[in-house]
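If you read the sequences in order, they're chains P and V. Mind the numbering: the first sequence is residues 14 to 147 in our numbering, read in order. Mind the numbering: the second sequence is residues 782 to 903 in our numbering, read in order. For glycine and all other residues, C-beta sits at the position ideal for the given N, C-alpha and C. Note that this is a predicted model, so its numbers are computed, not measured.
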Amino acid sequence: MTPFRLYKSIRSFSTTVDKIANLVKKNKVVVFMKGVPDSPKCGFSNAVVQILRMHDVKYDAHDVLEDESLRQGIKDFSNWPTIPQVFINGEFVGGCDILLEMHKNGELVAELKKVGITSALSENEGSQEKKSKD
Amino acid sequence: MSSKIFNKETDNPVEFSIKEKLTDSLNPSYIEIINESYMHNVPKGSETHFKVIVVSDKFKDISLIERHRMINKLLNDELKCNVHALSIVAKTPDQWKNENTITPSPPCRGGFGNCIQLRKLK
Numbered sequence: 014m015t016p017f018r019l020y021k022s023i024r025s026f027s028t029t030v031d032k033i034a035n036l037v038k039k040n041k042v043v044v045f046m047k048g049v050p051d052s053p054k055c056g057f058s059n060a061v062v063q064i065l066r067m068h069d070v071k072y073d074a075h076d077v078l079e080d081e082s083l084r085q086g087i088k089d090f091s092n093w094p095t096i097p098q099v100f101i102n103g104e105f106v107g108g109c110d111i112l113l114e115m116h117k118n119g120e121l122v123a124e125l126k127k128v129g130i131t132s133a134l135s136e137n138e139g140s141q142e143k144k145s146k147d
Numbered sequence: 782m783s784s785k786i787f788n789k790e791t792d793n794p795v796e797f798s799i800k801e802k803l804t805d806s807l808n809p810s811y812i813e814i815i816n817e818s819y820m821h822n823v824p825k826g827s828e829t830h831f832k833v834i835v836v837s838d839k840f841k842d843i844s845l846i847e848r849h850r851m852i853n854k855l856l857n858d859e860l861k862c863n864v865h866a867l868s869i870v871a872k873t874p875d876q877w878k879n880e881n882t883i884t885p886s887p888p889c890r891g892g893f894g895n896c897i898q899l900r901k902l903k
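Set out below in structure tokens:
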């Protein structure tokens with residue numbers, strides 16, 4: 014690789030990193046997936062969408078199939094080799110397996126609560142909060 | 782045609798290498814490597830989609846995300862070249878005792894390489 018090309022590739026790499034660093038902070042929950050929430054193009058991405066739907070969470074979704082630099086960039090950014098990837102409050106929490114585990118053991122409700130999101134599945138406390146808001 | 786003896790090392794080289802690397806480093810009390818490639822839009826006999834179940838003492842006091850990172854790191858070469866999807870179940874022997882029903886991975890929805898285009902063509 015010539016020095017110029019190397020420079021260019023380093024520059025584009027850092028642009029992607031900057032871009033992703035902004036994306037993951039844009040919403041409390043951010044998902045990088047294959048396809049879009051209404052039409053996921055991977056079973057694992059679909060599982061993430063279904064879980065977040067059950068918790069009635071609003072989130073940003075980015076389709077990595079639409080952007081090759083994002084597809085590779087997000088893997089480098091999180092040092093995680095697979096898609097989907099879920100971020101809560103700008104922090105990488107994991108992929109499909111981990112989100113599913115967090116969903117099953119109640120951790121997801123707790124993590125969402127920490128960032129001010131009341132999951133539709135949160136028991137008693139969630140309904141009390143709703144009542145107090147009325 | 783001469784009859785061929787099935788040999789994991791040569792016929793399923795990726796599965797073999799995954800198992801070997803995880804066994805060597807994590808000394809698991811239980812390990813299972815499931816080739817789920819048949820569930821996806823890839824040629825028959827592919828080694829692209831795997832689920833690994835690893836039960837090891839080494840996961841004690843280690844968060845789930847770090848357990849996944851340990852396994853991802855060990856399988857870095859496989860993930861770079863052959864393996865497209867890796868589902869991980871990583872538990873300690875105690876956790877495994879309590880829950881040993883493993884659900885299969887979700888079916889493919891076509892987002893692998895060219896298969897979206899293939900579907901569109903169909």
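task = Figure out for me which residue from Gly108(P), Gly48(P) and His68(P) has the closest Cα to the Cα of Asp80(P).
result = Gly48(P)
ask   = Are any of the Cβ atoms in chain V nearer than 7 Å to that of Asn59(P)?
value = yes
task = Would you kindly report the start and end of the unbroken alpha helix (DSSP H) that includes Asp858(V)?
result = Asn857 to Cys862
ask   = Going by the CB atoms, is the gap between Val833(V) and Pro809(V) shorter than 7 Å?
value = no
inquiry  = Is the separation between the beta-carbon of Ala133(P) and that of His68(P) shorter than 7 Å?
reply    = yes
ask   = Using a C-beta to C-beta distance shorter than 8 Å, which residues of chain P count as neighbours of Asn808(V)?
value = By Cβ distance, chain P contributes nothing, its closest Cβ being about 22 Å from Asn808(V), past 8 Å.
query = So is Pro94(P) in contact with chain V if we call contact Cβ pairs under 7 Å?
reply = yes
ask   = Which residues does DSSP pair with Met46(P) in a beta bridge?
value = Asp76(P)
ask   = Anyone know if the C-beta pair for Ile96(P) and Val77(P) falls short of 7 Å?
value = yes
inquiry  = Please list the terminal residues of the continuous beta strand (DSSP E) segment that includes Ala133(P).
reply    = Neither: Ala133(P) is in no beta strand (DSSP E) and is coded neither H nor E.
For Gly103(P), the three-state DSSP class (helix, strand or coil) = coil
request  = Apply the 10 Å Cβ neighbour rule to Pro888(V) and answer buried if 16 or more other Cβ atoms are within range, or exposed otherwise.
outcome  = exposed
key: Contacts that Ile111(P) makes with chain V (C-beta to C-beta distance below 7 Å)   = Leu845, Ile846 and His849
ask   = Under 7 Å between C-beta atoms, does Pro874(V) make it to chain P?
value = no
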